[in-house]
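As structure tokens, the structure follows; a few thoughts come after it.
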Amino acid sequence: MTRMARLVDGSGQGGEVAVVSLSPPDEAGLVVRRRPLERRLSRPGRPPVRGPGRPPVLAARSALVVGDAEGLEFFEVRQTELTRVAASMGRMSHLLSVVMHPAGASPGRTALAVALADLLRAERGAGFPVVTCGVRPLAGARRSAVPHAVRVADGTAMREVIVWEVVAWDDLPTWLGALSVRRIAA
Numbered sequence: 001m002t003r004m005a006r007l008v009d010g011s012g013q014g015g016e017v018a019v020v021s022l023s024p025p026d027e028a029g030l031v032v033r034r035r036p037l038e039r040r041l042s043r044p045g046r047p048p049v050r051g052p053g054r055p056p057v058l059a060a061r062s063a064l065v066v067g068d069a070e071g072l073e074f075f076e077v078r079q080t081e082l083t084r085v086a087a088s089m090g091r092m093s094h095l096l097s098v099v100m101h102p103a104g105a106s107p108g109r110t111a112l113a114v115a116l117a118d119l120l121r122a123e124r125g126a127g128f129p130v131v132t133c134g135v136r137p138l139a140g141a142r143r144s145a146v147p148h149a150v151r152v153a154d155g156t157a158m159r160e161v162i163v164w165e166v167v168a169w170d171d172l173p174t175w176l177g178a179l180s181v182r183r184i185a186a
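All residue numbers for the sequence shown refer to full-length UniProt numbering, where the first residue is 1 and numbers rise by one.
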């Protein structure tokens, strides 16, 4: 049975997404979702974004974690660098989402963070990637962690889980602007 997730805010704008199955190691790392090659954006004054060229060893290690989930890749990052690297990657236009997987975090919580990123991306449209984490992250300097309630349905069972989004302070005006145009159900 496929687990499905949706935002609890009631807007329904992000729809509903399937929760992927992941097998991450106990070490810290990032799960990234790349834009499809034909939709990658290049910023003015920069050369066009090229296609993936990961060495076979890295691709094989990534596949052990994300399986055949389309567009997802995993790579290990030092725990002490996890938030900084995720926030930096959150400014890369060729990515759709960056999901933090802290050392020892539950694979299920990381999978929910992937689902939250997909839901938020569907709501917000094109732009910079969404950075999420299944557990409350250490946000670090000049960043905030914003909680989102996600409803997960597994057949007839349903539960609500808090999943976190990391927002850089420089991006807060844009983030708040997106909230002001979003309909919230009463």
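Don't be surprised by glycine CBs; every beta carbon is placed ideally from N, CA and C.
Tell me, to the nearest whole angstrom, how far the beta carbon of D26 is from that of A103; I am working on the premise that it is less than 8 Å.
6 Å
Whole-angstrom Cβ separation of A115 and V19, contact assumed at under 8 Å?
5 Å
Can you tell me whether L22 is helix, strand or coil according to DSSP?
coil
Helix, strand or coil at V130 [DSSP, three-state]
strand
Consult DSSP for V118 and reduce its assignment to one of helix, strand or coil.
Note that residue 118 is Asp in the sequence shown, not Val. Three-state DSSP puts D118 in a helix.
With burial defined as no fewer than 16 other Cβ atoms inside 10 Å of the residue's Cβ, what is the status of L64: buried or exposed?
exposed
Near V77, what residues of its chain come up, given a Cβ to Cβ distance below 6 Å and the 5 sequence neighbours on each side ignored?
A28, G29, L30 and V85
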